[in-house]
Every structure is written in C-alpha cells, then in structure tokens.
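Novice: Before anything else, here's the structure in question.
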Amino acid sequence: MTPLLFIEQVLNGLQFGVMLFLMAAGLTLVFGVMGLINLAHGSLYMVGAFAAAAVAGWSGSFLLALVAALAASAAAGAIVELTVIRRLYDRDHLDQVLATFALILIFSEGTRWLFGSFPLFLDIPDWLSGPVTLPGGIEYPLYRLAIIAVGLSIATGLFWLIARTRLGIRIRAGESDREMIAALGVDISRLYTIVFALGAALAGLAGAMVGAIQSVQVGMGEPVLILAFVVIVIGGIGSIKGALVGALLVGLTDTLGGLLLPEAFKLFMETSDATATGSALASMLIYILMAVVLVWRPRGLFGGAT
Numbered sequence: 565m566t567p568l569l570f571i572e573q574v575l576n577g578l579q580f581g582v583m584l585f586l587m588a589a590g591l592t593l594v595f596g597v598m599g600l601i602n603l604a605h606g607s608l609y610m611v612g613a614f615a616a617a618a619v620a621g622w623s624g625s626f627l628l629a630l631v632a633a634l635a636a637s638a639a640a641g642a643i644v645e646l647t648v649i650r651r652l653y654d655r656d657h658l659d660q661v662l663a664t665f666a667l668i669l670i671f672s673e674g675t676r677w678l679f680g681s682f683p684l685f686l687d688i689p690d691w692l693s694g695p696v697t698l699p700g701g702i703e704y705p706l707y708r709l710a711i712i713a714v715g716l717s718i719a720t721g722l723f724w725l726i727a728r729t730r731l732g733i734r735i736r737a738g739e740s741d742r743e744m745i746a747a748l749g750v751d752i753s754r755l756y757t758i759v760f761a762l763g764a765a766l767a768g769l770a771g772a773m774v775g776a777i778q779s780v781q782v783g784m785g786e787p788v789l790i791l792a793f794v795v796i797v798i799g800g801i802g803s804i805k806g807a808l809v810g811a812l813l814v815g816l817t818d819t820l821g822g823l824l825l826p827e828a829f830k831l832f833m834e835t836s837d838a839t840a841t842g843s844a845l846a847s848m849l850i851y852i853l854m855a856v857v858l859v860w861r862p863r864g865l866f867g868g869a870t
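Just so we're aligned: 725 in our numbering is position 161 of the sequence shown, and the numbers increase by one with no gaps anywhere.
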C-alpha cells in the first residue's frame, strides 16, 4: 500500500465521518432534548435524497436541489413531530420504538408510491466534478472535499448555535430540566418542534449530498441510521461534540479497517482465506470500537456534555 493510497482513504474516512455526523447530530439532539428514540430518522435522510433528486431532475440546479432537500426534510420532520411524536413524549421507550418503526413503513411505502421502486440518480454538478490536485500530488474528487467542507462548516455552526444563541441556551436547558424551563415561560412544544425540524433538515442534507455519489432508493436511510446510533453511543448521547468525534472515529475506523486488515491478514497468514478473514473482521471493527468505548466510558466519550 502506497502513502498516497493511505492518504486518499483517510480523506474517504473523513468524508464518510462528516456525513454520519449530519445524521447523528440531529439524532442526538432529539434524544438529548426530548428523550425520544426516533427510528424514523433514517426516513428523513431518504426524504432529503428523493427531494433533491426530483428537484434536480426538474430544474437542473444542484443548489436548488439542496435547498429543496433541507425544506422537504424539515417540513416532514415538523409534520411528524406535530402529528405523531408529540403524543409519545410521556410514553415509554417501547411505544416510541413501535410508533417510529411504523413511520419507517409509512415513509417507505409513500416514497415508493410517489417515485416508484426504481432508484433515482442525482448528478454531481459540473463545477464540483472532477479531481483536484492536493499537496503531494494526490488527486482527489472535488465533490468529496466539498462534502467534508460542508460537514465541518455545519459542525462549527452547530457549536455556535448551541453555545452562543438564545435557542442554544434553551436547548441546553431542555436537556437538563425541561419542566423548569417550561415553568419559566419557554414554549416547550415549540422548542421541541424546532429541534426536531433542525435534526430532520440535517439528515435530509446528508441524504441529498450522498445521493450524488450513490443511487437514491427506498430504504437507503436505515443502514446509515444504524451507524448513526453507533456514533452517538460512542460520542455520548446529547453531545454535539461527541457526535462529531464519534462520527470521525467511525468513518476512519470503517474505511481504514477495510483497507488495512485484509492486507495485514494476507501478510501474516498464509492461508487462502486470509483476505476474506481480514475483510470479515474489518466489517466488525466499528462495533468492537463501540464495545471498547462503553467498557472504558459507559456514557460515551462526551456523555453529559453538549
């Protein structure tokens, strides 16, 4: 393995990590503020991808497609919160799991009814297509660098929102004592709707950006949702910092593990199935990482911190 290939895979891991962060940030906000287990978060990722693909096909504008993804997923999130989720806050987690699982089925069948069963495709715009030459002579896709830049910019914006704005103060207070801020006159129902819509918009944006490098299809959000849960368990539930660190750890572990472990097993094992063994172990690495973190810090790396 050459150094250039290693650096390229590190960048791929960063790109994967920031995409997971966009999913996990909304998920951890919803759980931290509302105490809600939302299995339908992956469906909002899918809504953003389909909205972007549909608008891009109609208008030919990638930027308009991203705006549509944000608007559609935020609107879907707000409607879901107002009509379904609001009735689940005082219910136990089993009721929340069953209700949000039902939402997955509704979103999946509704999307299939609207767009059909065949995947859609979202083209990378000309101004973001092609490779860019990085220091050291590395050629890397410009679009993937744009995903990294957008993800890190949004992370910076979220840190500012949580730490420096009145809405952020209310979100942090809602995580600590929602009854107290309601008693102080904060409209807790409105706060919940805003937080849920914000999380949905982040998931939809992730779906739209990833939709340009893979097909847009029904059910595309569920595998990403599983990884997002791994991220927030590693980083700590309710922590934006934890979501970012956990997402980068998962992205780099998954990408580099898939590259290095098969090569290592091939080097040290002389059996014919050495590469297959390494690949199988690589697919387990993120879950091994999660187990190690939980043994060391049961609440996650930044559990309890925003």
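In this text, a Cβ means the ideal position worked out from N, Cα and C, and glycines have one as well.
(1) For my contact list, residue 606 and residue 637 are in at a C-beta cut-off of 8 Å; report their separation, rounded to the angstrom.
(2) Between which residues of its own chain and residue 616 is the CB-CB distance below 7 Å, once the five residues before and five after are set aside?
(3) From the beta carbon of residue 815, is the nearest beta carbon of chain B less than 8 Å away?
(4) Would you mind working out which of 794, 822, 683, 825 sits nearest residue 591, comparing C-alpha positions?
(5) Taking all protein chains shown into account, do 16 or more other C-beta atoms lie within 10 angstroms of the C-beta of residue 525, making it buried, or fewer, making it exposed?
(6) Using 8 Å as the threshold, is the C-beta distance between residue 808 and residue 574 below it?
(7) Distance, Cα to Cα, residue 665 vs residue 604?
(8) Is residue 777 closer than 8 Å to residue 854 when the C-beta atoms are compared?
(9) Could you check the C-alpha separation between residue 725 and residue 828 for me, to the nearest Å?
(10) Which residue's Cα is closest to the Cα of residue 843: 690, 585, 818?
(11) Assuming residue 801 contacts residue 722 (C-beta within less than 8 Å), just tell me the rounded distance between them.
(12) Which residues mark the beginning and the end of the alpha helix (DSSP H) in which residue 787 is found?
(13) What residue does the alpha helix (DSSP H) around residue 692 start on, and which one ends it?
(14) Going by alpha carbons, who is nearest to residue 781 out of 677, 593, 572, 716?
(15) Would you mind giving the Cβ-Cβ distance between residue 587 and residue 770, rounded to the nearest angstrom? I have them listed as a contact below 8 Å.
(16) Would DSSP call residue 597 helix, strand or coil?
Specialist: Short version:
(1) With a Cβ gap of about 11 Å, residue 606 and residue 637 do not count as contacting.
(2) 629, 630, 632, 633, 686, 772, 775
(3) Given the protein chain composition of this structure (a single chain), no chain B is represented.
(4) 794
(5) Lying outside 565 to 870, the shown extent of the chain, residue 525 is not represented and no answer is given.
(6) no
(7) 6 Å
(8) no
(9) 44 Å
(10) 818
(11) Residue 801 to residue 722, Cβ: 16 Å. No contact.
(12) 785–799
(13) Per DSSP, residue 692 belongs to no alpha helix (DSSP H) and is neither H nor E.
(14) 677
(15) 5 Å
(16) helix
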